[in-house]
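Notes follow once the structure below has been shown.
Protein chains: 2
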Amino acid sequence: MKKENLEEFAYNSIIKLILDNHYRPGDFLLESEITESLNLKSRTPVHHALGQLVAKGFLDKKNKKGCFIPALTPEDAEHVFFARENIEFQTAASAAIHASDEEIKQLQVIIQEEMETGESGNIVGYSSINETFHEHIAKIGKNKYLQQYCQHIFWRSNIYIFFYFYQFKATKINTEFKISPSQHIKIMEAITNRDADMAGKRMKQHVRETFEAIFRINTQKGGVL
Amino acid sequence: MKKENLEEFAYNSIIKLILDNHYRPGDFLLESEITESLNLKSRTPVHHALGQLVAKGFLDKKNKKGCFIPALTPEDAEHVFFARENIEFQTAASAAIHASDEEIKQLQVIIQEEMETGESGNIVGYSSINETFHEHIAKIGKNKYLQQYCQHIFWRSNIYIFFYFYQFKATKINTEFKISPSQHIKIMEAITNRDADMAGKRMKQHVRETFEAIFRINTQKGGVL
DNA sequence: GACTGCATTAATGCGTGCATTAAAAAGCTT
DNA sequence: AAGCTTTTTAATGCACGCATTAATGCAGTC
Numbered sequence: 014m015k016k017e018n019l020e021e022f023a024y025n026s027i028i029k030l031i032l033d034n035h036y037r038p039g040d041f042l043l044e045s046e047i048t049e050s051l052n053l054k055s056r057t058p059v060h061h062a063l064g065q066l067v068a069k070g071f072l073d074k075k076n077k078k079g080c081f082i083p084a085l086t087p088e089d090a091e092h093v094f095f096a097r098e099n100i101e102f103q104t105a106a107s108a109a110i111h112a113s114d115e116e117i118k119q120l121q122v123i124i125q126e127e128m129e130t131g132e133s134g135n136i137v138g139y140s141s142i143n144e145t146f147h148e149h150i151a152k153i154g155k156n157k158y159l160q161q162y163c164q165h166i167f168w169r170s171n172i173y174i175f176f177y178f179y180q181f182k183a184t185k186i187n188t189e190f191k192i193s194p195s196q197h198i199k200i201m202e203a204i205t206n207r208d209a210d211m212a213g214k215r216m217k218q219h220v221r222e223t224f225e226a227i228f229r230i231n232t233q234k235g236g237v238l
Numbered sequence: 014m015k016k017e018n019l020e021e022f023a024y025n026s027i028i029k030l031i032l033d034n035h036y037r038p039g040d041f042l043l044e045s046e047i048t049e050s051l052n053l054k055s056r057t058p059v060h061h062a063l064g065q066l067v068a069k070g071f072l073d074k075k076n077k078k079g080c081f082i083p084a085l086t087p088e089d090a091e092h093v094f095f096a097r098e099n100i101e102f103q104t105a106a107s108a109a110i111h112a113s114d115e116e117i118k119q120l121q122v123i124i125q126e127e128m129e130t131g132e133s134g135n136i137v138g139y140s141s142i143n144e145t146f147h148e149h150i151a152k153i154g155k156n157k158y159l160q161q162y163c164q165h166i167f168w169r170s171n172i173y174i175f176f177y178f179y180q181f182k183a184t185k186i187n188t189e190f191k192i193s194p195s196q197h198i199k200i201m202e203a204i205t206n207r208d209a210d211m212a213g214k215r216m217k218q219h220v221r222e223t224f225e226a227i228f229r230i231n232t233q234k235g236g237v238l
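Quick look at the structure:
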């Protein structure tokens with residue numbers, strides 16, 4: 014295992030803090046507060062890590078004020094999901110071209126796990142395995158840069174998905190748990206058949222449907238947007 | 014004008030140093046060296062700025078060793094230009110949809126300038142105006158995320174273009190100066206006609222031809238790859 | 001009572017010196 | 001002389017404290 018220094022530790026830990034819902038959109042992430050909760054001796058590594066998160070576009074920053082989680086707006090949501098549609102269209106198409114037999118087997122394992130996790134109703138677990146699926150496809154595409162962009166835009170879109178889940182826990186999740194895996198299977202089939210066009214098209218459709226479900230509901234009265 | 018602090022100053026200055034060819038691919042950028050050449054009192058802002066450049070993928074890093082300009086390889090070149098093709102396909106298509114009359118006028122001005130600069134044979138100036146063209150199209154597309162990725166991948170591809178220019182100053186540049194503007198004009202026409210498919214297609218073709226010219230020559234004996 | 005400006009406060013920004021460590025150099029052995 | 005080991009060196013990594021500054025609250029005036 015690669016040895017990580019405090020800067021990397023802080024970087025990874027802050028991401029975890031955000032994903033674990035310790036902060037909400039608009040919240041400022043105070044260096045001293047984070048330093049304390051990570052049991053670090055000085056703010057330096059935290060300061061550095063926050064700077065990197067800003068550079069990568071995960072956080073916004075106000076000079077001399079601090080870093081904060083970007084606000085969620087309908088316009089931003091459209092931008093995020095439109096970009097994601099097009100990036101993931103390409104990663105899926107590339108995956109269909111470059112997939113090895115071994116990698117396709119791994120995809121099948123991931124989907125198998127996904128269905129089991131969906132049955133169990135574990136939200137956090139499902140979200141994690143869903144990420145693994147999209148990440149794996151980007152990796153199969155074997156293009157360092159598209160993979161990087163895919164990871165970024167997925168993370169960004171996940172903030173929206175997360176708050177959707179968070180708010181409508183009881184009502185809509187079960188349908189989502191059933192729709193998403195079936196679409197994932199279709200995408201995998203296209204990749205297995207080395208059909209790039211079909212894989213890309215289905216991925217695009219999948220992302221769009223995710224967006225439409227979230228967007229319609231979240232812009233209703235009481236939604237987070 | 015926005016007041017910039019030392020971290021931002023260092024960040025922008027380091028980019029300039031790289032673009033001005035003070036460093037070559039593979040070179041380590043030493044914090045103390047940069048600190049001195051920027052007349053700063055401490056390494057802190059430089060350290061921070063380098064971290065951001067690594068986070069954004071402009072530089073690579075070895076632990077406890079330092080940051081360096083990523084090496085140029087044929088595989089990486091393929092990845093860079095493949096990603097760029099697909100990102101810029103989308104920004105061009107989006108630009109055709111979202112362009113205002115005002116923005117199209119600005120595009121025309123940029124191309125006008127480009128042709129004049131091409132005639133004069135000023136390489137650095139031409140490179141800069143070429144960047145402006147691609148940047149402007151991404152901006153017209155009006156998607157913050159695609160714009161961000163476009164900027165990154167363009168910068169990355171520019172390293173290859175730069176070394177191509179640098180190495181073959183006398184021989185091939187004149188033809189490049191004439192081919193590229195004519196392709197730019199065709200892209201602009203498609204945008205003016207609000208023809209998204211055509212704009213995307215022509216942009217993709219344009220990027221691919223740029224790549225093929227650079228790649229073929231640079232992998233010959235004596236090339237940089 | 002609301003508005004303006006000053007003082008306070010609480011956060012980031014930055015400089016300095018030391019700790020850590022990877023790589024280069026030197027020394028030692030065969 | 002080649003290869004292994006130790007030492008040195010030169011760079012980043014980190015802690016700490018002070019400087020700077022944006023926001024907040026408070027007092028004084030109209």
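These protein sequence lines map, in sequence, to chains A and B. Okay, so the first sequence: first residue is 14 according to this note's numbering, each after it adds one. Okay, so the second sequence: first residue is 14 according to this note's numbering, each after it adds one. Glycine residues also receive a C-beta, built at the ideal position from the N, C-alpha and C atoms.
Inset, instruction - Rounded to whole angstroms, what's the CA-CA distance from residue 202 of chain A to residue 96 of chain B? Just pull it up for me. - result: 24 Å
Inset, instruction - Go through its chain and collect everything with a Cβ distance to residue 209 of chain A's Cβ below 6 Å, but skip five positions before and after it. - result: 106, 109, 110
Legend entry - Chain-ordered neighbours of residue 95 of chain A on chain B, where CB pairs are closer than 7 Å: 156
Legend entry - residue 93 of chain A, buried or exposed, once every other Cβ within 10 Å from all chains shown has been counted against 16: buried
Inset, instruction - Quick one: give me the first and last residue of the beta strand (DSSP E) that residue 79 of chain B is part of. - result: 79-81
Inset, instruction - Rounded to whole angstroms, what's the CA-CA distance from residue 118 of chain A to residue 165 of chain A? Just pull it up for me. - result: 25 Å
Legend entry - Close-in-space but distant-in-sequence residues of the same chain around residue 31 of chain B (CB under 7 Å, 5 per side omitted): 82
Legend entry - Proximal residues to residue 260 of chain B (C-beta, below 7 Å), its chain only, five neighbours per side dropped: As shown, chain B starts at 14 and ends at 238. That puts residue 260 of chain B outside it, with no answer to give.
Legend entry - Cβ distance (whole Å) where residue 60 of chain B is taken to contact residue 44 of chain B below 8 Å: 6 Å
Legend entry - Cut-off 8 Å between Cβ atoms - residues of its own chain near residue 67 of chain B, not counting five sequence neighbours on either side: 73, 74, 80
Inset, instruction - Could you tell me the distance, in whole angstroms, from the CA atom of residue 29 of chain A to the CA atom of residue 140 of chain A? - result: 14 Å
Inset, instruction - Can you pull the chain A residues whose beta carbon is under 7 Å from the beta carbon of residue 3 of chain B, in chain order? - result: The question about residue 3 of chain B has no answer here: the residues shown for chain B are numbered 14 through 238.
Inset, instruction - Using beta-carbon positions only, say whether residue 173 of chain A and residue 42 of chain A come within less than 9 Å of one another. - result: no
Inset, instruction - Measure the Cβ-Cβ separation of residue 127 of chain B and residue 146 of chain B and say whether it is below 9 Å. - result: yes
Inset, instruction - Mind checking who residue 41 of chain B pairs with in its DSSP beta bridge? - result: B:81
Legend entry - Close-in-space but distant-in-sequence residues of the same chain around residue 104 of chain B (CB under 6 Å, 5 per side omitted): 150, 151, 154, 159, 163
Inset, instruction - Starting from the C-beta of residue 319 of chain B, find all residues in its chain whose C-beta is less than 8 Å away, skip the five residues before and the five after it, and write them out in chain order. - result: Since the first residue shown for chain B is 14 and the last is 238, residue 319 of chain B is missing from the structure and cannot be characterised.
Inset, instruction - Determine, using beta carbons only, whether residue 124 of chain B and residue 198 of chain B come nearer to each other than 9 Å. - result: yes
Legend entry - Under 8 Å from the C-beta of residue 69 of chain A: neighbouring residues of chain B: 68, 69
Inset, instruction - Would you tell me roughly how many angstroms separate the C-alpha atoms of residue 205 of chain A and residue 216 of chain A, rounded to the nearest one? - result: 14 Å
Legend entry - chain B contacts made by the region 25-54 of chain A, where a contact means CB separation under 7 Å: none
Inset, instruction - Have a look at residue 33 of chain B and residue 39 of chain A and give me their C-alpha separation to the nearest angstrom. - result: 39 Å
Legend entry - C-beta neighbour in chain B for residue 221 of chain A, strict 9 Å: no
Inset, instruction - Compile a chain-ordered list of the residues in the region 198-227 of chain A whose CB is closer than 8 Å to at least one CB of chain B. - result: none
Inset, instruction - Might you give, ordered along the chain, the residues of its own chain that have their beta carbon closer than 8 Å to the beta carbon of residue 211 of chain B, omitting 5 neighbours on each side? - result: 109, 203
Inset, instruction - In angstroms with no decimal places, state the Cα-to-Cα distance between residue 148 of chain A and residue 120 of chain A. - result: 10 Å
Legend entry - Separation of residue 169 of chain A from residue 156 of chain B, as counted between CA atoms: 14 Å
Legend entry - Contact set between residue 162 of chain A and chain B, taken where Cβ atoms lie within less than 7 Å: 162
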